[in-house]
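Student:
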Amino acid sequence: MSTDAPEQADDGDAARDQEPSLEGGYDPEAVESRWQDRWVDEGVYAYDGDPDQDPNTTYAIDTPPPTVSGSLHMGHLYGSTLQDFAARFQRMHDGDVLFPFGYDDNGIASERLTEQELDIRHQDYERREFQERCREVCTEYEAEFTDKMQNLGTSIDWDNTYKTIEPRVQRISQLSFLDLYEKGREYRKKAPAIWCPECETAISQVEMEDDERGSHFNDIAFEIASEGTDRDEFVISTTRPELIPACVSVFVHPDDEDNQDLVGETARIPIFGHEVPIIEDDRVDMEKGSGVVMCCTFGDQNDIEWYQAHDLPLRVAIDESATMTDLAGDYEGMSTVEAREAIVEDLEDEGYLRDRWEISHAVQVHERCDTAVEYRVSKQWYVEILDHKDEYLEAGREMDWYPEKMFTRYRHWIEGLEWDWLISRQRDSGIPFPVWYCEACDNEIMAEKGDLPVDPLSDEPPVDVCPECGHDEFEPEEDVFDTWATSSLTPLINAGWDWDEASEAFTMDKPELYPFDLRPQGHDIISFWLFHTIVKCYEHTSEVPFDATLINGHVLDENREKMSKSRGNVVAPDEVLAEYPVDAVRFWAASAAVGDDFPYQEKDLRAGEKLLRKLWNASKLVDTLAPADPEEPDDLEAIDRWLLAELDDAVAELTDQLAEYEFAKARDRLRTFFWNTFCDDYLEIAKGREDNPSTQYALRTAHRTFLELWAPFLPHVTEEIWQAVYADDSTGDLETSSIHTRDWPDPQGYDADLEAGETAMEVISALRRYKSENQLPLNADLESVAVYGAVDGFADAIQNVMHVEELTVLEDQPEITTEVAAIDLDYSQVGPQYGEKVGEIDAGIESGEYEIDEDREARSASEGSSGDEPREGNVLRVAGEELEDDLFEVELERTYSGAGEMIETETAVVILE
RNA sequence: GGGUUGGUGGUCUAGUCUGGUUAUGACACCUCCUUGACAUGGAGGAGGCCGGCAGUUCAAAUCUGCCCCAACCCA
Numbered sequence: 007m008s009t010d011a012p013e014q015a016d017d018g019d020a021a022r023d024q025e026p027s028l029e030g031g032y033d034p035e036a037v038e039s040r041w042q043d044r045w046v047d048e049g050v051y052a053y054d055g056d057p058d059q060d061p062n063t064t065y066a067i068d069t070p071p072p073t074v075s076g077s078l079h080m081g082h083l084y085g086s087t088l089q090d091f092a093a094r095f096q097r098m099h100d101g102d103v104l105f106p107f108g109y110d111d112n113g114i115a116s117e118r119l120t121e122q123e124l125d126i127r128h129q130d131y132e133r134r135e136f137q138e139r140c141r142e143v144c145t146e147y148e149a150e151f152t153d154k155m156q157n158l159g160t161s162i163d164w165d166n167t168y169k170t171i172e173p174r175v176q177r178i179s180q181l182s183f184l185d186l187y188e189k190g191r192e193y194r195k196k197a198p199a200i201w202c203p204e205c206e207t208a209i210s211q212v213e214m215e216d217d218e219r220g221s222h223f224n225d226i227a228f229e230i231a232s233e234g235t236d237r238d239e240f241v242i243s244t245t246r247p248e249l250i251p252a253c254v255s256v257f258v259h260p261d262d263e264d265n266q267d268l269v270g271e272t273a274r275i276p277i278f279g280h281e282v283p284i285i286e287d288d289r290v291d292m293e294k295g296s297g298v299v300m301c302c303t304f305g306d307q308n309d310i311e312w313y314q315a316h317d318l319p320l321r322v323a324i325d326e327s328a329t330m331t332d333l334a335g336d337y338e339g340m341s342t343v344e345a346r347e348a349i350v351e352d353l354e355d356e357g358y359l360r361d362r363w364e365i366s367h368a369v370q371v372h373e374r375c376d377t378a379v380e381y382r383v384s385k386q387w388y389v390e391i392l393d394h395k396d397e398y399l400e401a402g403r404e405m406d407w408y409p410e411k412m413f414t415r416y417r418h419w420i421e422g423l424e425w426d427w428l429i430s431r432q433r434d435s436g437i438p439f440p441v442w443y444c445e446a447c448d449n450e451i452m453a454e455k456g457d458l459p460v461d462p463l464s465d466e467p468p469v470d471v472c473p474e475c476g477h478d479e480f481e482p483e484e485d486v487f488d489t490w491a492t493s494s495l496t497p498l499i500n501a502g503w504d505w506d507e508a509s510e511a512f513t514m515d516k517p518e519l520y521p522f523d524l525r526p527q528g529h530d531i532i533s534f535w536l537f538h539t540i541v542k543c544y545e546h547t548s549e550v551p552f553d554a555t556l557i558n559g560h561v562l563d564e565n566r567e568k569m570s571k572s573r574g575n576v577v578a579p580d581e582v583l584a585e586y587p588v589d590a591v592r593f594w595a596a597s598a599a600v601g602d603d604f605p606y607q608e609k610d611l612r613a614g615e616k617l618l619r620k621l622w623n624a625s626k627l628v629d630t631l632a633p634a635d636p637e638e639p640d641d642l643e644a645i646d647r648w649l650l651a652e653l654d655d656a657v658a659e660l661t662d663q664l665a666e667y668e669f670a671k672a673r674d675r676l677r678t679f680f681w682n683t684f685c686d687d688y689l690e691i692a693k694g695r696e697d698n699p700s701t702q703y704a705l706r707t708a709h710r711t712f713l714e715l716w717a718p719f720l721p722h723v724t725e726e727i728w729q730a731v732y733a734d735d736s737t738g739d740l741e742t743s744s745i746h747t748r749d750w751p752d753p754q755g756y757d758a759d760l761e762a763g764e765t766a767m768e769v770i771s772a773l774r775r776y777k778s779e780n781q782l783p784l785n786a787d788l789e790s791v792a793v794y795g796a797v798d799g800f801a802d803a804i805q806n807v808m809h810v811e812e813l814t815v816l817e818d819q820p821e822i823t824t825e826v827a828a829i830d831l832d833y834s835q836v837g838p839q840y841g842e843k844v845g846e847i848d849a850g851i852e853s854g855e856y857e858i859d860e861d862r863e864a865r866s867a868s869e870g871s872s873g874d875e876p877r878e879g880n881v882l883r884v885a886g887e888e889l890e891d892d893l894f895e896v897e898l899e900r901t902y903s904g905a906g907e908m909i910e911t912e913t914a915v916v917i918l919e
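Just add 6 to the spot in the first sequence (first one is 1) and you have the working numbering.
(1) Can you find the residues in the same chain that come closer than 7 Å, C-beta to C-beta, to Arg-44, ignoring five residues on each side of it along the sequence?
(2) Between Leu-611, Ala-578 and Asp-602, which lies nearest to Tyr-586 when the distance is taken from Cα to Cα?
(3) Among Ser-700, Val-591 and Tyr-187, which residue has its Cα nearest to the Cα of Leu-631?
(4) Might you give, ordered along the chain, the residues of its own chain that have their beta carbon closer than 8 Å to the beta carbon of Glu-567, omitting 5 neighbours on each side?
(5) Using beta-carbon positions only, say whether Leu-186 and Val-486 come within less than 8 Å of one another.
(6) Compute the Euclidean distance between the alpha carbons of Gly-339 and Glu-347, then round it to the nearest angstrom.
(7) Could you check the C-alpha separation between Gly-614 and Arg-525 for me, to the nearest Å?
(8) Between Ser-790 and Glu-811, is the Cβ-Cβ spacing less than 8 Å?
(9) Counting only runs of 4+ residues fully inside the region 337-411, write out the alpha helix (DSSP H) ranges in chain order.
(10) Work out the CA separation of Gln-839 and Glu-714 for me, nearest whole Å.
(11) Would you kindly check if the distance between the Cβ of Trp-442 and the Cβ of Arg-194 is under 8 Å?
(12) For Leu-713, name the three-state secondary structure that DSSP assigns.
(13) Please report the residue range of the alpha helix (DSSP H) in which Thr-245 lies.
(14) Please name the residue in Asp-33, Arg-94 and Asp-640 whose C-alpha comes closest to that of Thr-661.
(15) Per DSSP, Gln-527 forms a beta bridge with which residues?
(16) Quick one: give me the first and last residue of the beta strand (DSSP E) that Tyr-667 is part of.
(17) From the DSSP secondary-structure annotation, give me the bridge partner or partners of Phe-512.
(18) Identify the continuous alpha helix (DSSP H) that holds Tyr-84 and give its terminal residues.
(19) Given Ser-86, which residues of its chain have a CB within under 8 Å of its CB, disregarding the five upstream and five downstream residues?
(20) Asn-112 to Glu-608, Cα distance in whole Å?
(21) Mark Arg-191 as exposed unless 16 or more other C-beta atoms lie within 10 angstroms of its C-beta, in which case mark it buried.
(22) Output needed for Val-471: all residues of its chain with C-beta closer than 6 Å, excluding positions within five of it in sequence on either side, in chain order.
(23) Helix, strand or coil for Thr-64? Go by DSSP, reduced to three states.
(24) Can you list, in chain order, the residues of its chain whose CB lies under 8 Å from that of Ile-242, leaving out five sequence neighbours each side?
(25) DSSP on Cys-140, reduced to helix/strand/coil?
(26) State the DSSP-derived secondary structure class of Pro-198, mapped to helix, strand or coil.
(27) Where are the alpha helix (DSSP H) runs, 4 residues long or more, that stay fully inside the region 810-863, in chain order?
(28) What is the rounded straight-line gap between the Cα of Thr-64 and the Cα of Gly-49?
(29) Going by DSSP, which residues form a beta bridge with Thr-160?
(30) Can you tell me the Cα-Cα spacing of Pro-438 and Arg-133, whole angstroms?
(31) Ignore the nearest five residues each way along the sequence and tell me which others in Leu-918's own chain have a CB closer than 6 Å to its CB.
(32) If you pair each beta-carbon of the region 792-812 with each one of the region 828-835, do three or more pairs fall below 8 Å?
(33) What does the alpha-carbon distance come out to for the pair Asp-336 and Trp-535?
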C-alpha cells in the first residue's frame with residue numbers, strides 16, 4: 007500500500023473521478039481513497055469548539071502518540087479503529103469531537119534514527135540543536151506515518167497534532183516539573199536507585215523486568231574472626247561472588263536455631279580480608295542455601311532495605327558502567343562478569359569455594375536493553391507518590407473503565423508501589439531539567455516559567471547570585487526527564503495547558519476538553535503510560551484527566567499466537583489493506599469485545615466484504631423501488647409500521663451499545679437486523695408493494711437510517727451511497743453534506759404489533775421451507791394457504807411474497823386431533839414452590855401418572871389464543887400435588903385431519919392445499 | 001512465587017455478574033433453490049452438554065472449592 011498510495015492519485019481511474027453513483031458494483035479501491043482524500047482536504051473532522059462550549063457536548067479523546075520512527079502495525083490499526091468507532095458515533099450523536107493525533111519522537115528510537123540517517127553523534131551537538139536535527143529527520147517519518155494513518159480512513163483531525171519533541175511540549179514538561187516542585191511533590195535525593203550499567207542511567211522500578219537466566223550458585227566459606235562461637239567458619243550461597251568486596255554484613259534469621267550462635271560475631275571476607283558483623287533479621291530466606299546470607303551494597307533490593315534498617319556502611323565495588331572499583335583490589339578494572347570468574351577461581355585456589363552448581367533464576371533487567379540492573383547510590387530527582395496512594399486510588403475509582411476489570415489492575419499497581427517515581431535520567435538527549443545548583447551551597451535554582459523551555463547546559467540561570475548564600479557560580483543540571491514524565495502529560499498537551507504570566511496561573515487553551523471523555527490504550531502498556539498519566543494530571547489539576555478509559559486487547563495471529571518478528575507471524579496492515587477494503591478491516595476490528603485479545607481472521611474480512619456488497623446491492627434495489635424522498639403517508643400499513651418499529655428498537659439498542667463501547671454487540675445486532683430482517687424479510691415483501699406510498703416511505707426511512715447506523719463502522723461505503731442518493735451537494739460543502747456530520751438517528755416512536763409481525767415472518771419461513779423441501783423455486787405459486795394465528799394486517803404481505811393465490815386467515819382452529827406430547831413445567835415457579843418435590847413431579851409426568859383436570863376449561867376462542875399455544879387445563883394432578891395452570895404448559899401433538907398439508911410454527915399453524 | 005483474565009460444536013464467539021432445564025451467531029461442511037439488488041445470493045441439515053473433579057441447590061455453562069491448561073500483569 008505504501009508503494010501504491012502515491013501514484014493512485016494520478017491513475018486517472020474513471021471511477022475515481024466519477025461522481026458518487028450506484029451504477030455497477032461497489033468498487034472500494036477507488037471509492038475509499040477518494041473519500042479519504044476529500045475528508046482530509048475539506049476538514050470534515052476539524053474540531054471547531056470554542057472555550058465557552060459546554061463540555062458536555064464536546065467529546066474529546068486523548069490519543070496516546072505512537073512512536074513514528076517505526077512502522078505501522080496491527081496494533082495501531084486496531085487501536086485507532088476502535089477510537090474511530092467512538093469518535094464517529096459521538097460526532098453524530100453528540101456534536102463536537104476532538105480526535106487529535108500525536109507523534110512521539112522524543113525517545114531513544116528517534117535519536118538513534120537521527121544519528122544513523124545523518125551519520126552524526128548526538129554528543130557533538132548541543133542538546134537543543136540535536137533535537138532540532140531529530141525533528142528534521144522525524145518529519146519524513148511522520149509524513150509517511152500520517153499517510154498510512156490516513157489510509158485507514160479514521161476521522162482524526164489532522165489540524166490538531168503535536169510532536170513530543172516540539173518546544174511547546176518541552177515547555178509543558180518543564181512547567182509540569184516546576185509546578186510539582188512548587189507543590190512540594192518533588193525532591194532530589196542521594197539514594198540507592200535502580201541503575202542500568204549499559205545505558206548508564208538510573209531507571210525507575212517500572213522499567214525493569216524479570217528475565218530467566220542461567221547462572222551458578224556458589225557456596226563460599228567465611229571465617230569467623232571473633233571468639234564467641236565454637237565454629238571456625240560458615241558457608242553462604244551466592245550467585246554473585248563478585249560482590250563479596252562490597253559485603254558489609256552477614257544476616258541470620260532470628261528463628262534459625264542452627265545458626266543462632268553466629269549472631270553478634272564477626273565474619274572475615276575471604277580474599278579481601280575485611281571484617282563484617284553478623285546480624286539477625288527476619289527478612290532472611292531460611293530455605294535458601296545455608297540460611298546465612300551476605301549483604302552487599304548493593305546486590306538487590308533486600309540489601310538496600312538492610313542498608314537502611316541497620317545503618318550499614320556503603321562499600322561500592324561496582325561503578326556506573328559495571329566495572330570493578332579500587333575496592334575490588336586486584337580485580338579493579340574488570341567487568342562484573344570477568345571479576346565473577348576470577349574471584350571464583352581464586353576462592354577455589356584458596357579453598358574457600360565449597361560447592362558450585364548451575365541454576366536458572368530470574369534476573370532483573372532493563373526492559374530496553376536486557377542488561378541486568380545494578381543498584382547504585384546517586385543523586386536523583388523523585389516525584390513523591392507513595393503518600394498519595396489513597397487519592398490516586400480514589401481518582402481511578404471515579405473513572406469508567408472499559409472493560410471494568412482493568413480497574414483491578416490499576417488498584418494492584420497503586421497498592422504495590424514501593425518507590426517514589428524516579429524521573430531523572432542520565433542521558434545525553436531528552437528534555438532537560440530546568441534547574442541549576444549553586445556551586446557553593448547546592449541550592450536549587452529553578453528556571454522562570456516565562457523562560458521555558460530552557461536548557462541549563464546552554465542557558466543562563468535566572469539569577470546572578472545564589473539567593474541563599476550569594477555565591478555567583480552555578481552548575482547546570484545535566485539530567486533529562488524520563489520520557490514517561492512527558493508522555494504522561496498528553497491530556498494537558500491536547501488541552502493547551504500553559505502558564506499565564508498575567509494572571510500567574512495555569513490555564514488551558516481548550517478548557518472545555520478537560521477532563522477528556524476517553525483515553526484509549528493497549529493493555530500491555532497501561533502501567534507505564536495510562537497510570538502515570540492519571541497520577542500526574544491529578545496532581546496538576548486535582549481532577550482525573552479522563553471520564554473513561556478504553557483498554558484494548560492485542561491482535562493475535564490466525565492461530566491465536568502473539569505476533570512477533572522472531573516467530574515470523576507478523577501480519578502487516580499494508581498487506582491486509584492491499585487485499586481488503588478498509589471498511590471490511592473495520593468490520594473485523596469491531597468483532598472483539600473491548601479488552602479481549604483476538605485473532606486476525608481473513609474470514610471476518612471476507613464477511614466484511616460481503617456485507618459491503620450486500621449494503622450496496624440492497625441500496626440499488628431500494629433505489630428502484632421508491633423515490634428518494636417520499637412523503638410520509640397519514641397511515642402506514644401494518645407491515646411498514648412493523649419494520650419502522652423494529653428499526654426503532656434497533657436504533658435504541660445500538661445507541662446504548664455504542665455509548666458503552668460495546669462495538670462487537672452493536673456490530674452483530676446491526677448486521678443481523680439489516681441482513682435478516684431488512685434484506686431477507688422486508689425487502690422481499692417490498693418488491694411486491696412497489697407503488698405503495700406506505701412501503702416507499704418505510705423503505706427510504708429505513709435505508710437512510712441504516713446508512714447512518716453503519717456510518718461509524720463502514721465510513722467509506724456509507725458515504726459513497728449517501729452522496730450518491732441523499733446528500734444535498736448543491737452547496738458543495740462536504741462538511742455539511744457528509745453522512746459523518748449528520749445527527750445520529752433517534753427512535754421515531756412507531757407503534758406496531760411486533761408479535762403479529764413475528765408470527766407473519768414465521769409463516770413466511772414455513773412456506774419457504776415448504777418450497778425448499780419440495781424442491782420448488784421460491785417464486786413458485788401456491789394455490790391456497792390457510793393460516794391460523796395472529797397475523798393481523800400481514801396477510802397481504804404473506805400472500806404477495808410467497809406467491810399465494812388464495813390466502814385465508816382462519817378464525818378457528820383447524821380440524822385437528824390432538825394428543826398430549828409433553829408437559830413443560832415452568833421451573834422458575836414450580837422450583838421455588840415445590841422444592842425437592844420437583845423430582846417426584848418430574849417422575850410422575852415422565853411415567854404418565856398424572857391427570858389434567860379440564861373440567862373447568864378456561865380456554866375459549868374469544869381469547870384469541872393462536873393455534874399453537876398449548877391448551878391450558880386448570881389443574882395438573884401429579885405426585886399428590888395440584889399445579890395451577892400458570893405453572894405448566896401442555897405440548898400437543900397435532901394431527902391434521904382435513905385436506906392439504908399442515909405446517910406448524912412457534913405461534914401459528916399453516917395449511918397448504 | 002503472587003495477581004488478573006479466559007478455557008463453550010472443526011474455527012471464532014454470545015450467554016456467566018442478576019442459576020430455571022430446547023446453549024447464540026458467524027465461518028467451514030452437507031443437501032436443495034436463478035425469487036424483479038446480491039449464487040460473493042437464498043432455504044434447509046448435520047455438528048457442542050459448556051477444561052476436569054467435588055460441592056451448594058428442587059435446578060449450574062452460570063454460584064463455591066480444588067486441580068489442569070493458556071495468556072497477560074506484577075515480583
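Note that beta-carbon positions come from the ideal geometry of N, C-alpha and C, so glycine has one too.
Tutor: If we stick to the structure as given:
(1) Leu-740
(2) Leu-611
(3) Ser-700
(4) Arg-573 and Asn-575
(5) no
(6) 14 Å
(7) 27 Å
(8) Taking C-beta atoms as the reference points, Ser-790 and Glu-811 count as a pair closer than 8 Å.
(9) 342-355 and 395-404
(10) C-alpha separation (whole angstroms): 50 Å.
(11) no
(12) helix
(13) Per DSSP, Thr-245 belongs to no alpha helix (DSSP H) and is neither H nor E.
(14) Arg-94
(15) Residue pairing by DSSP puts Gln-527 in a beta bridge opposite Ile-557.
(16) No residue range can be given for Tyr-667, since it is assigned to no beta strand (DSSP E) and is classified by DSSP as neither H nor E.
(17) Trp-505
(18) 80-100
(19) Here Ser-86 has Thr-69, Met-155, Leu-158, Thr-160 and Ile-162 as same chain residues with Cβ atoms under 8 Å from its own Cβ, once five neighbours each way along the sequence are excluded.
(20) Roughly 36 Å between the two C-alpha positions.
(21) buried
(22) Asp-478
(23) strand
(24) Asp-225, Ile-226, Phe-228, Val-256, Gly-295, Ser-296, Val-298, Val-299 and Met-300
(25) helix
(26) strand
(27) Qualifying alpha helix (DSSP H) stretches, in chain order: 833-840 and 844-853.
(28) 18 Å
(29) According to DSSP, Thr-160 bridges with nothing at all.
(30) 9 Å
(31) Val-791, Gly-906 and Glu-907
(32) no
(33) 45 Å
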